[in-house]
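In what follows, a structure is listed as structure tokens, so that the remarks can point back to it.
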Amino acid sequence: MRILFATGNPHKVAEAVQMLSPLGHGVEPLLVDGEAPDFVEPQAEGLEAVAFAKIEQARMMIEGTELEDSAIMVEDSGLFIDSLDGFPGAYSSFVEGTVGLDGILRLLEETDDRGAEYRAVAIVDLDGRTWQSNGVCRGRISEEMLGTGGFGYDPIFIPNEGDGRTCAQMSAEDKSAISHRGQALKGLSEVLSSASR
Ligand code: ITT
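Here my numbering is used: the first residue of the sequence shown is 1231, the next is one more, and so on.
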């Protein structure tokens, strides 16, 4: 299936292409007049509600264009820190650009509880039907920033299923094999395959 990924985050597109292409799905960024979407994300909502809001906005963007009948994929994700009651969660993108990774490390200076998880909700929308898959990656927040790969919080996130490196120290393949997005996209691929049988 050819899927247009509606996101303003090129790192997400790269991860989805690398993950879904071998499974037989052609993934391309959704571009309208050459521009990736810049979503208005409803505040104080969970990831799933935000993902459905992105589907709605993407559908409005391509209404009346040649892309109107395409399969659209969106994904909403975030970092949920145990000792901060799940903060930054659905606000991860905003917090990354304001408080920053330094700020998150400072917030955790006084606590030994460094448990956290990445969560992702991925949705494909086609012909009025939607398929959804979620992913969770448990881990902990490192004491310092390590690594230059990945994006976002990867330099401070150490997945439990890894070998002690942060996601930013891992190859894209190693990260996707255990990440929240990897799980959500793999799950989507499976539900799409059984739907088309
Ligand atoms: P779109 O909404 O346009 O898809 P975005 O980057 O704003 O792009 P989200 O609203 O889903 O995406 O916010 C996700 C944020 O969560 C992202 O900006 C990072 O701060 C963080 N995040 C999610 N997945 C991550 C990952 O795999 N590695 C590092 N940080 C991640």
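The beta carbon of each residue, even a glycine, is placed where N, CA and C say it ideally should be. Computed from a predicted structure; not experimentally measured.
- Selection G1377, K1242, I1388 evaluated against E1258 yields K1242 as nearest (Cα-Cα).
- Distance from the C-beta of Y1383 to the nearest heavy atom of the ligand ITT is below 6 angstroms.
- Cβ neighbours of E1347 within its own chain (closer than 7 angstroms, five residues either side excluded): F1310, V1366, C1367, R1368, G1369.
- Using a Cβ distance threshold of 7 angstroms, I1233 and M1291 do not count as a contacting pair.
- Relative to the Cα of F1324, the nearest Cα in the group L1415, V1270, G1417 belongs to V1270.
- Under the three-state reduction of DSSP output, A1350 falls in the strand class.
- In chain order, G1382 place their CB closer than 6 angstroms to the CB of E1326, counting only its own chain and leaving out the 5 sequence neighbours on each side.
- Distance from A1425 to W1361 at the Cβ level is roughly 7 angstroms; contact confirmed, criterion being Cβ atoms closer than 8 angstroms.
- Around the beta carbon of E1339, fewer than 16 other beta carbons sit within 10 angstroms, so the residue counts as exposed.
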